[in-house]
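Counting from 1 along the sequence shown, just add 10 to a position and that's the residue number in my numbering.
Cβ atoms here follow ideal geometry from the backbone N, Cα and C, with glycine treated the same way.
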Amino acid sequence: MEYKKLNNNLKIPLLGFGTWQLKPIFEAPQAVAAALEVGYRHIDTAHIYFNEGSVGKAIKESGIEREDIFLVSKLWNFDHNKVEQAYEKSLKKLGVDYLDLYLMHFPVTKTRISAYKDMEKIYKEKRVKSIGVSNFTIDHLKELMSQTEIVPVVNQVEFHPFLYQKDLLEFCNKHGIALEAYSPLSHGKRLDDTTLETIAKKHNKSVAQVMIKWSLQHGNIVIPKSRNLGRIKQNFEVFDFKLNDQEMTSINNLNEDYRTCWDPTKTS
Ligand SMILES: NC(=O)c1ccc[n+]([C@@H]2O[C@H](COP(=O)([O-])OP(=O)(O)OC[C@H]3O[C@@H](n4cnc5c(N)ncnc54)[C@H](OP(=O)(O)O)[C@@H]3O)[C@@H](O)[C@H]2O)c1
11 MEYKKLNNNL
21 KIPLLGFGTW
31 QLKPIFEAPQ
41 AVAAALEVGY
51 RHIDTAHIYF
61 NEGSVGKAIK
71 ESGIEREDIF
81 LVSKLWNFDH
91 NKVEQAYEKS
101 LKKLGVDYLD
111 LYLMHFPVTK
121 TRISAYKDME
131 KIYKEKRVKS
141 IGVSNFTIDH
151 LKELMSQTEI
161 VPVVNQVEFH
171 PFLYQKDLLE
181 FCNKHGIALE
191 AYSPLSHGKR
201 LDDTTLETIA
211 KKHNKSVAQV
221 MIKWSLQHGN
231 IVIPKSRNLG
241 RIKQNFEVFD
251 FKLNDQEMTS
261 INNLNEDYRT
271 CWDPTKTS
């Protein structure tokens, strides 16, 4: 596994496992167990995924040491006025005594600055290893950095060939914020693209593997999700090939500003 050093020197595995929409009883336990078995050591969950309990149980049952897993959860939008309680609730559900990364799920208007300050307090008390944000635009980040003390370690945003957020990536790089690519497989919606199919064939890889690799080669942390054992394994096998400059450019050119999830650009 390859790692990236965050701006507080913590090391994060570049490839993580996403858990959104994994059903708590019939999918999350099996999928997280499979991911850990395959070698993923970075698990991304959130209060609003309603599967923190299953994720925590799968981690515990894997027998892997807690410190060998990079565990991420997120502060939900309705909890901005009770950050500390929300954090403690996530810890309790996950059955752990700290998170490696706690993210603000969305830049909710009016409450995001005060909620981030409450996250800073938890960080300063050393109850969480790092704090970051999600779905923040450049404007949201500028505002945050002008009004708070701790630069977020990560901005987790939708990022895939059809939503190549070049300006946001450059801004994050410039300010030492790691970009974490969510829905790196376009939430499964654009896996039939012919440009990607041609490139994948050339490398004897799948379109999903090419999408993950493209994002990794942009320097991103990438968190694909799958409920299927074969695909969980396949998505992890992306460190044995490299896209050349021409392939990277053709994939960059697929950008359509196509979003499958939130559109934070409309949030003032
Ligand atoms: N911060 C946020 O607001 C936010 C928003 C969205 C997502 N996220 C995080 O990012 C993670 C990933 O994003 P995502 O779940 O939206 O979508 P994704 O990882 O881009 O795509 C998942 C979809 O692709 C399919 N898939 C996975 N691997 C495949 C493969 N090798 N070949 C073909 N199909 C494949 C999955 O189906 P199967 O499961 O059936 O394999 C599923 O339908 C989430 O789980 C979550 O942790 C965060």
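Buried versus exposed call for residue i [16 or more other C-beta atoms within 10 Å across all chains shown]
i, result
"Asp110", "buried"
"Arg200", "buried"
"Ser193", "buried"
"Phe88", "exposed"
"Met221", "buried"
Residue j beta carbon less than 7 Å from that of residue i
i, j, result
"Glu266", "Phe172", "yes"
"Ile242", "Ala44", "yes"
"Ala56", "Lys84", "yes"
"Leu20", "Lys139", "yes"
"Thr147", "Thr29", "no"
Helix, strand or coil at residue i [DSSP, three-state]
i, result
"Glu168", "strand"
"Leu32", "coil"
"Met114", "strand"
"Leu46", "helix"
"His57", "helix"
"Lys92", "coil"
"Tyr108", "coil"
"Ile69", "helix"
"Ile5", "Absent from the model: residue 5. The displayed extent of the chain is 11 to 278, so no value can be given."
"Leu24", "coil"
Residues near residue i in its chain [Cβ-Cβ closer than 8 Å; skip 5 each side]
i, result
"Cys182", "Leu151, Asn165, Ala188, Leu189"
"Trp272", "Phe116, Asn145, Glu168"
Beta-carbon contacts of residue i that lie in its chain and below 7 Å, excluding the five residues immediately before and after
i, result
"Pro39", "Ser64, Lys67, Ala68"
"Ser278", "Thr119"
Cβ shell of residue i (< 6 Å), same chain only, five flanking positions each side left out
i, result
"Ala41", "Leu32, Arg237"
"Leu81", "Ile53, Leu109, Asp110"
- Going along the chain, which unbroken runs of the beta strand (DSSP E) with 3 or more residues stay wholly within the region 140-196? Counting only runs of 3 or more, we get 141-144, 164-168, 188-192.
- Which ranges would you report for the alpha helix (DSSP H) in the region 209-278 if only whole runs of at least 4 residues count? Segments of the alpha helix (DSSP H) lying fully in the region 209-278: 217-227, 239-246, 255-262.
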